[in-house]
Every structure is written in structure tokens, then in C-alpha cells.
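Presented below is the structure to which this report refers.
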Amino acid sequence: MDRYDAIVVGGGHNGLVNGAYLARAGLKTLILERRPMVGGAAITEELRPGFQFTTFSYALSLLRPQIIQELELTKHGFLPLLMSTRFAPGEDGEYLLFNRDHDETLREIARLSPHDADAYEQYSHDLDRVCQAVKPLLDSVPPNLFSDDPEELVAMAALGSRLRGLDKRTLHNAVRLLTGSAADFLDDYFESPLLKGYLASSSIIGSKVGPRSQGSGLVLLFHSLGEHDGEFGAWAFHKGGNGGFTQVLARAAEAFGAEIRLEAPVERVLTRDGEATGVALADGTEIAAEVVVSALDPRRTFLELVEPRELPDDLVEDIRRLKFRGVSSKVNFALDELPTHPVLGARPDLYRGFMNIGPSMDYLERAFDDAKYGWYSEHPYIDCAIQSTIDPDMAPPGKHVLSCFVQYTPYELRESDWEAQREPMADRVQATLESHFPGFGALVLQREVQTPLDIERTVGLSEGNIFAGEFLAPQMFFFRPAPGWSQYRTPIAGYYQCGSGTHPGGCVMGAPGRLAAGQILGDRTRASGA
Amino acid sequence: MIRTTPFHERTSALNETGLWQHWSGHLVATRYQASDKFEYFAVRNSAGIFDTSPLYKYRIAGRDSERFLSGMLARDIRTCPPGLAQYTTWLDDRGFVLEDGVIQHRAPDEFLLTCAEPNLAWFADRVGRLAVTIEEVSLDIGALAVQGPRSRELLSRLVPSVGELPFFGITSGTIAGRPVTVTRTGYTGDLGYEVWVEAPDAVAVWDGVWDAAEGYGVLAYGMDALYMLRIEAGLLLLGADFDSSRFAFNDAHRSTPLELGWAWMFKGLEDDDRPFIGRRALERERAEKTSRWRMVGLVVDWEDYDRVYSSAGLIPPKDHRPVHEDWMVYDADRSRVGYATSIMYSPVLQRHIAMARVRPDLAKPGTRVFLEFTVDHHYEQVAAHVARLPLYNPPRKTA
Ligand SMILES: Cc1cc2nc3c(=O)[nH]c(=O)nc-3n(C[C@H](O)[C@H](O)[C@H](O)COP(=O)(O)OP(=O)(O)OC[C@H]3O[C@@H](n4cnc5c(N)ncnc54)[C@H](O)[C@@H]3O)c2cc1C
Chain A
1 MDRYDAIVVG GGHNGLVNGA YLARAGLKTL ILERRPMVGG AAITEELRPG
51 FQFTTFSYAL SLLRPQIIQE LELTKHGFLP LLMSTRFAPG EDGEYLLFNR
101 DHDETLREIA RLSPHDADAY EQYSHDLDRV CQAVKPLLDS VPPNLFSDDP
151 EELVAMAALG SRLRGLDKRT LHNAVRLLTG SAADFLDDYF ESPLLKGYLA
201 SSSIIGSKVG PRSQGSGLVL LFHSLGEHDG EFGAWAFHKG GNGGFTQVLA
251 RAAEAFGAEI RLEAPVERVL TRDGEATGVA LADGTEIAAE VVVSALDPRR
301 TFLELVEPRE LPDDLVEDIR RLKFRGVSSK VNFALDELPT HPVLGARPDL
351 YRGFMNIGPS MDYLERAFDD AKYGWYSEHP YIDCAIQSTI DPDMAPPGKH
401 VLSCFVQYTP YELRESDWEA QREPMADRVQ ATLESHFPGF GALVLQREVQ
451 TPLDIERTVG LSEGNIFAGE FLAPQMFFFR PAPGWSQYRT PIAGYYQCGS
501 GTHPGGCVMG APGRLAAGQI LGDRTRASGA
Chain B
1 MIRTTPFHER TSALNETGLW QHWSGHLVAT RYQASDKFEY FAVRNSAGIF
51 DTSPLYKYRI AGRDSERFLS GMLARDIRTC PPGLAQYTTW LDDRGFVLED
101 GVIQHRAPDE FLLTCAEPNL AWFADRVGRL AVTIEEVSLD IGALAVQGPR
151 SRELLSRLVP SVGELPFFGI TSGTIAGRPV TVTRTGYTGD LGYEVWVEAP
201 DAVAVWDGVW DAAEGYGVLA YGMDALYMLR IEAGLLLLGA DFDSSRFAFN
251 DAHRSTPLEL GWAWMFKGLE DDDRPFIGRR ALERERAEKT SRWRMVGLVV
301 DWEDYDRVYS SAGLIPPKDH RPVHEDWMVY DADRSRVGYA TSIMYSPVLQ
351 RHIAMARVRP DLAKPGTRVF LEFTVDHHYE QVAAHVARLP LYNPPRKTA
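For the protein sequence lines, the chains are A and B, in the order given.
Each residue of the first sequence is one higher than the one before, starting from 1 at the first, in this note's numbering.
Each residue of the second sequence is one higher than the one before, starting from 1 at the first, in this note's numbering.
In C-alpha cells, the structure reads:
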């Protein structure tokens, strides 16, 4: 039987990050991926010659900068391409067009509301302060609330004193964001419906909430924690899409000595006397390892890869109660030409960034209303990106690829299913695009639709939840994925978890993979020292 | 009145920021769009176009031109046959650098020298009785740099011989029906070319390149982006990383080629019997190891940098815009061992990087030093390590 120090189940970005760190520390590491390619939700596929589609995930969001450094990703082609513009078309010909000049941004806002210009500066500053306060949590293992281990008590105390170190306003803003709605927060600053719609869009991504739901503040805050190319709060596209990024990770992992095996689905984790001993593949092959790490979501980690009988009842129950409820789809297009919006005209340089179709909080909330009752939005929220304007290698010269992230499209449809509704839903998306980019339909060379059901089937993310477990306060930090199990270990010795269902959560961030590796290596050092 | 370049009609139409600066008496774009970093990314990711016309240009011709230049230039011009160009430098008789530049060997008895400052008198006054003519052609020739991974694909559609052109090679052809010379040279450290054109043809050639670039994600880039690119590429800038010995008031403002990291230019010196200006001093410096400095790259320790700013309650600033000033460098005992002259946050390396000179005994890659930043209005020394220049050197540059 093959024998490894560590086996990572799942070659999504977290599995790759985790495997790379383990290999870097000298462990003989094997990463097993079910599909013919690594990347999980972060892949790029050439569905049509010369056209590169970011099938699912499309932007680099919260990737932790430490990972770039520690895994030496720039050696392997890491290249974040920042967006030069952002565009938010509104209703009745209104729009916001941001470039990266601070003063022009304020002037653009003032065009809609002079009041909102410096309010925007205040908002950005307040949000930066909260982000600055919260960010270190992305890089640390949550303390175990339920343990009386002295180390945990020290960690709790350190967390407490961090909070006490914050000024009143920042702490209060943090609590308002973590517990309240994005709408309440934004209403305190702004009057322009379009600006609020634009900003509130970050509060619903991947989540079954509307901007007026409690809990949308948390999603807004989470999405503000990005940082790219040294710019606080920035998001970027990676060269070659998010698949380009996971290829960089795979090269880095291999350079550290990790082995990656494709088309190797793991059937279950082998255990003996409450300890992990290896894995069994679907074809029956057994591979031994001292450490097994699941990079899958918590439902698969706890209910599929191992027998629930091997786990404490309360954990099994907590995992069964975890909310997934995916609401997001992708509709991707290959286009014969640049689609044009009447106010931007045919200037490719004005389309180099997110284009946000969410013209007001009312619009977003109504889109959510449809989902509450089990249907997809009549007028969907769409985050569009013509990635070929930023990375020309993604489409032949003059042609384009358009990535559309769409909400809401609930996993469970009332009295229907996604096999029947896949194309009608995409037609709604296309009709919405047509209303903003007249003549859009005539440019479409190819359309690809990925519903929550498809995401679940292809990537393995349960119910198509893009974060491997919703971003709800009771599913975060100490409680992610379950109370008492937020430190990447499991009740089975030698069996660990490192997917997006663990702290800090989903997004192409890599933090779960990195933090889990830290725990695994720490445990090994402790064990060999004892 | 400030001059405009032969491409001005086109560059001015593209410059949306209204930001211009002066370069050798010419108006050049600082940046074309609000998103200056994007111009930089065009070069690293697709291709960018840069108006480099303000360079000084001298045509040096005649039966004795090679003989003349082999005595004037410190690097051996005889190793550069017709059809090739060479990066070179010229020294004073104390072995200090006057300037650097690129010389194109265009035809058996014809060279084109390009450089940043006027040098006509320096060369012309030293011709003596040799059969050499030197003519300044700065204003007669427009120069357009086309740089980045897609530059070859794009230009070879216009000038097919570009497809096979080696690093520092010279070729010619026509663009939009106008004769052009194309060299595989540039100031970005990437795959790239420069197109040389008679000034009256400049706009037509620009249009030819621009039209061919349609759909390729090509942008015009300005001085801000240029300076970012050249620091990553480890290419020195006169007035920032060194000064001309001719106009220096003391030796602290002078540098030898060895101090600037150009020892590689003199690999064959033993077998080359050329008498050239500065040769004796150079040989003495090599033999007696009297160099005061060595030009190196510095890579700032990202953890230490973040720690210093975060502990002051600040968000660590990471600004890609180059700063051309002196930044002090210390060793582990906190004694001063050199100074950085250009610094930036590099997007391809995701680190603060600098070009710096340190004491020669500290020039070994990996040596730990400290670079001084100002944090909350006081000095903080942040860990960094020495690295070989260029800090960014993609294989496509020379492939
Ligand atoms: C449509 C969509 C759009 C998104 N957009 C963005 C975005 O723009 N920016 C952003 O930051 N985040 C985005 N996200 C979220 C982000 O992409 C995910 O949170 C993240 O990629 C999850 O990474 P992961 O490594 O934790 O898990 P996954 O990517 O889910 O990786 C798990 C891997 O395990 C493999 N696997 C499953 N079962 C087995 C088995 N039994 N044996 C072996 N291998 C197995 C799977 O094939 C998969 O490769 C998006 C997600 C989706 C679905």
C-alpha cells in the first residue's frame, strides 16, 4: 500500500494551499482530486476555442497576502490584475462610473448627490477601521470557547483585550455590521438609491439574505476585507481567471514536493480505534497516511467521508442543522463583440471592471422576495465582468467573454426543478442584460449556465452554496462549522478539515487551508515532543 | 516654448488626465488615464506603447567610426556587429561614469547612439583626425517603444522579420508604407521592441501600430508606468540612481561602472587591448578592489514591514508609484552601509523593492540589511535582503 505523511482530500484552492504548506514543512503529501482538473470552484475552462470561461468563481477577493509570500506564488506566475473601472447602471439612464482616481470618484458621486460625496469618504474610512480591526481574525484560529485549556483561556483573553482596544465608534460599527442589515447601515450615510444599491450588492453575494435582512451587514463586511496588490479593500482578477490562480497554486504545491492525483475520488476515510489511517478511493485503492485532511464542505467531511457513528451525536446534529441554501448561479457568455451600454459607448477601457446590475436596494430586495418563496428573481441582481477587457488572453482579439454572477436562484424551486428552469432562468438574465446593453442578444456566440444544482454536482459544494456553508452569525468564527470544532481538528485523531466550511469561510481566500496546516503541523510537533 | 514629440498629435488625444511632464525639453505624458497602474499591467500582461522620442540621438558614421567608438565607449563595440545593438557606457579618465546609452550598429560604418543627456561635444571634440562624422539627429527621428508579451506577435504582423529578431537585434521594414527600423530593445525588462521612424512619418506609423493592436488590450503608457517597469527590470536612471561625473561637484556624486553593477560589461577586458577612456582607472579599481559600492536590489521583508506599520495603528501603505530619493540602508549593527535610490511596491513581486548601493562586502544575495522608512514622523528600520538585479526577469525578455 502507498504510504504518505498526509493526504488532502479535494484539490480546490484550500486543498492546494493546505497541501502546499504541509509539503513545504517536509511532509510527504498527496492531494487527491475527484475531477480531471484542480481548482474546485476556482477553474477556467476553454469551452470554445480561444474563449476562456471562469466557469464558477471569477474574481480574487480575500486571498491572504501571507500565502502569496509564504508559498512564493510570484515565482509560479501569480499576477493579480486590478480593475481600472467599476460601472453601475441605474434606472432611467442614471449611472455611476468609477475609475481609480479618488477625486473623480467623489465628483462622480456628487453628480448624483452632493451630500453623498463626503459621506462616502466617511463611510470608506469607517469601514476601513472596522476591517482593520477584524482582519487579524482572518489569520488566526478561533479560540475554543468551550475548553478550559489554559492556552485557550489566554487566547480568549487576548481576543477580549483586542476588542477593548478599539475605539467606541469602530466597535459599535463592527457590531452593527456583524448583527444588523446592510440597509440600516447604508441608510445612515447615504441618500442616493443607486449608490446604496451599488454598495448593498456586496451584502447579498452568495447569501440567502436581502439588503434589509439582519445578517446582510456581515456579508457586506466580509466582502470588504479584500486586499490586493497592496490596496486595502481591492478586488482583482487573476491572469487567466481564477483557474489561472489555482494553476499557480498547483505549481507551487508541486514545487514544494506535493503530489497531485487527478480523477481520484475518495470514497471514505479509513479509521482504526478512533484514528485516521488513510483513505479508500472509489476504485477500491487504499492509501495510508498519518494525517488525512478533508478540503470538502462540512456535510461531506462529517457525514460522507466518515461514518456519522464514529462522531459524537451533537456534532452530527449540528452539521445536519448547518444551513447551505445556495442562491447563486453563473451565466457565462462568449461574445462576438464588446457589448455596449449607451452611456459608455464602444470604449473597451470603460468596461474594465465589475459592472453591477443592482440599481437600488429596492431592486435587490425585490429580487430576494422571489427567492423567499422558492423562485428565481424576475429581475435578477447580476455582477458582470468582461474579463477579456482586462486580460486580453481570455478571448480572441476583438471578441469577449462575459462572466455573470446571478442572484437569486434558490437551490430548491417551488414545484419545479433546475433541469426544467435552467434555460428559462438564463433567459431572464439575458433579458436583463439586453435592457442595459441594447443589442446584447445578437452578440452571443455561446452561453453557459451553472445553477446551484450544477455547482453541487460539478464542484461538490452542497446545495450549491458558494461558501460551503452560509455566512450567518451562528455559522461563523467559534461556530464554524460547529460549536467546539472550529480549530480544524475533528473528533477522529489525525483527521482534519480545511475547506471553506471552516473559519474564516468561503471565497478564494486560502485562509482555511493555511490555518489548518498550522494546526496540523503544531499537533505533529507536540506529539513528537511528548 | 516646450517642444512636443513627433507623436504628440496622437498622445495628446489619448491623454485623459491632462498630466504632462518635461523630458529633455519635450512634453511627455505622465499617465494617460486615471488608472496609472493599469498602463503598467498592459506591459506585463499584453503590450504597451510608449513615446520615447525625447532621447538624444547621434548618428556616428565614417570609415573610422568603429575605431573611434572603441576608444570612447567602455564596453567593447567590436563585439557588436552590424545588425545588433549594445547597451554601453562611457567614462572619464578617472574611471567615473559619464553616461549610459544604447548604440545601434546599423550598417558597417554607421552607428546610432541614444542617451538621456546631450553628449555631442564630448564625442565630437574627441574625433581628432579620424574619418568620423557625428551628427545630432534627435529631432529627426521619432521613437516608439512597443513592450510586453504580445509585442512580438503584434509587430511581426507589420514587420515580419521582427518574428526572428534576437535580443538587441536590429531589423527594418515598413509600417503604413513608411520605412522603419525596429530594434529589440527597451526600458521595461520585458519582451519588447523600439520602432525608429523619420519624424514626418511618425503619426502614420503610430496609426499603423495602433490599428494592428486593436483588440489586443494594448495601452499607451506614460512616465509613471515606465518608472515602475524599469525598477523591476533593474535598469538605472540617470539623475536618480547615478549622476554624470562631468557635472558632479564631488566624488560622492560620481560612480564607477563596477559600482553600478556593470562588471559584466568587462568580462573580456583581459583579451581586449583597446585603449579607451577610463581603462587604466577601471583596471586599477578591479585589481585593487577599491570600489566603494555595489549596485544591488533590495527586497523588503513583508512581515517586518507590516509589523512596523500595524503596530503604529496604520494600514501598511503599499504604493506602486516609484520614489526616486535617497533611503538609508543599515546593517545588523545599525551602522550605515549604503543607500537606496529608487523604491516602489512591485505588483509582479508583491513586495517593496529598491535599487540600492551597499558596501561591496554586503552585496552577496541574501545578505540581511535594514531600510529606513518614516513612520508616524519618525524613522523606522525595516528588514530587507540583498538580491541580484534585475529583480524581475521573465524568460520571454530574451527568448
Ligand atoms: C459560482 C460561484 C462563484 C463564485 N465567485 C467567487 C468570486 O468571484 N470570488 C471569490 O473569492 N469567491 C467566489 N466564490 C466562492 C469560492 O470560489 C469558493 O468559496 C471557494 O473556491 C471554495 O474553495 P474550497 O477549496 O474550499 O472548495 P472547492 O473549490 O469546493 O474544492 C473542493 C474540491 O474537492 C473536490 N472533491 C469533492 N469531493 C471529492 C472527493 N470525494 N474526493 C476527491 N475530491 C473531491 C472537488 O472536485 C473540488 O475540486 C464563488 C463560488 C461559486 C460556486
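Note that the Cβ used here is the ideal one computed from N, Cα and C, for glycine as well.
Look at the alpha carbon of residue i and the alpha carbon of residue j, and state the distance between them as a whole number of angstroms.
{"i": "A/A295", "j": "B/V180", "result": "57 Å"}
{"i": "B/A199", "j": "B/S46", "result": "27 Å"}
{"i": "A/R422", "j": "A/G484", "result": "39 Å"}
{"i": "B/H302", "j": "B/V296", "result": "Reading the sequence as shown, one finds Trp at residue 302 of chain B and not His. Whole-angstrom Cα-Cα distance: 19 Å."}
{"i": "A/T54", "j": "A/G243", "result": "7 Å"}
{"i": "A/E275", "j": "A/E33", "result": "23 Å"}
{"i": "B/R78", "j": "B/P166", "result": "18 Å"}
{"i": "B/A252", "j": "B/T133", "result": "35 Å"}
{"i": "B/A383", "j": "A/D148", "result": "39 Å"}
{"i": "B/G62", "j": "B/L112", "result": "12 Å"}
{"i": "A/K399", "j": "B/G222", "result": "27 Å"}
{"i": "A/D103", "j": "B/Y32", "result": "16 Å"}
{"i": "B/A213", "j": "B/R157", "result": "10 Å"}
{"i": "B/E194", "j": "B/C80", "result": "18 Å"}
{"i": "A/A23", "j": "B/R44", "result": "31 Å"}
{"i": "A/N14", "j": "A/S462", "result": "16 Å"}
{"i": "A/L163", "j": "A/T490", "result": "29 Å"}
{"i": "A/Q407", "j": "A/L199", "result": "16 Å"}
{"i": "B/D109", "j": "B/V182", "result": "19 Å"}
Can you check which of these residues, the options, is closest to residue i by C-alpha distance?
{"i": "B/V137", "options": "B/L314, B/K57 and B/V337", "result": "B/K57"}
{"i": "B/H324", "options": "B/A220, B/Y339, B/W262 and B/W20", "result": "B/Y339"}
{"i": "B/E283", "options": "B/F41, B/R3, B/A74 and B/A248", "result": "B/A74"}
{"i": "A/P474", "options": "A/L322, A/V266 and A/E104", "result": "A/L322"}
{"i": "B/I315", "options": "A/A517, A/L453 and A/R129", "result": "A/R129"}
{"i": "B/G25", "options": "B/R359, B/S53 and B/A42", "result": "B/S53"}
Less than 6 Å between C-beta atoms, sequence neighbours within five positions excluded: which residues of the same chain meet that for residue i?
{"i": "B/T11", "result": "A29 and D51"}
{"i": "B/W122", "result": "none"}
Which residues in the same chain as residue i place their Cβ atom closer than 7 Å to its Cβ, once the five residues preceding and following it in sequence are excluded?
{"i": "A/G226", "result": "S61, L62, G233, A234 and W235"}
{"i": "B/R150", "result": "S46, A47 and Y216"}
{"i": "B/D207", "result": "A176"}
{"i": "B/Y305", "result": "P316, H352 and V382"}
Taking 7 Å as the cut-off, does the CB of residue i come closer than this to any heavy atom belonging to ligand 1?
{"i": "A/P33", "result": "Checking the sequence shown, residue 33 of chain A turns out to be Glu, not Pro. Correct: A/E33 has its Cβ closer than 7 Å to ligand 1."}
{"i": "A/K330", "result": "yes"}
{"i": "A/G499", "result": "yes"}
{"i": "A/V134", "result": "no"}
{"i": "A/R325", "result": "no"}
{"i": "B/Y392", "result": "no"}
{"i": "A/L322", "result": "no"}
{"i": "A/L82", "result": "no"}
{"i": "A/L296", "result": "yes"}
{"i": "B/Y6", "result": "According to the sequence provided, residue 6 of chain B is Pro. The question's Tyr does not apply to it. No, the beta carbon of B/P6 sits no closer than 7 Å to any heavy atom of ligand 1."}
{"i": "A/A468", "result": "yes"}
{"i": "A/H533", "result": "The question about residue 533 of chain A has no answer, for chain A in this structure spans 1 to 530."}
{"i": "A/Q450", "result": "yes"}
{"i": "A/S207", "result": "no"}
Considering only residues of the same chain and omitting the five flanking positions on each side of residue i, which have a CB-CB separation below 8 Å?
{"i": "A/L303", "result": "V316, I319 and R320"}
{"i": "B/I2", "result": "H22, G25, H26 and L27"}
{"i": "B/P160", "result": "G173"}
{"i": "A/P410", "result": "K208, R325, G326, V327, A371, G374, W375, Y376 and P452"}
Q.
By the 9 Å beta-carbon criterion, what residues does the stretch 70-91 of chain A contribute toward chain B?
A. Within the stretch 70-91 of chain A, the qualifying residues are L73, T74, F78, L79, P80, L81, L82, M83, S84 and T85.
Q) Residues in the stretch 231-260 of chain A with C-beta within 9 Å of chain B's C-beta atoms, listed in sequence order? A) If the cut-off is 9 Å between Cβ atoms, the stretch 231-260 of chain A has E231, F232 and K239 near chain B.
Q: Mind checking the stretch 4-25 of chain A against chain B and listing, in chain order, the residues whose C-beta falls within less than 7 Å of any C-beta there?
A: none
Q. Which residues, in order along the stretch 109-139 of chain A, keep a beta-carbon less than 8 Å from a beta-carbon of chain B?
A. D128 and Q132
Q) Looking at chain A, which residues of the stretch 184-210 of chain B have a Cβ within less than 8 Å of any of its Cβ atoms? A) none
**Q.** Near-chain A residues of the stretch 305-318 of chain B - C-beta to any C-beta below 7 Å
**A.** I315 and K318
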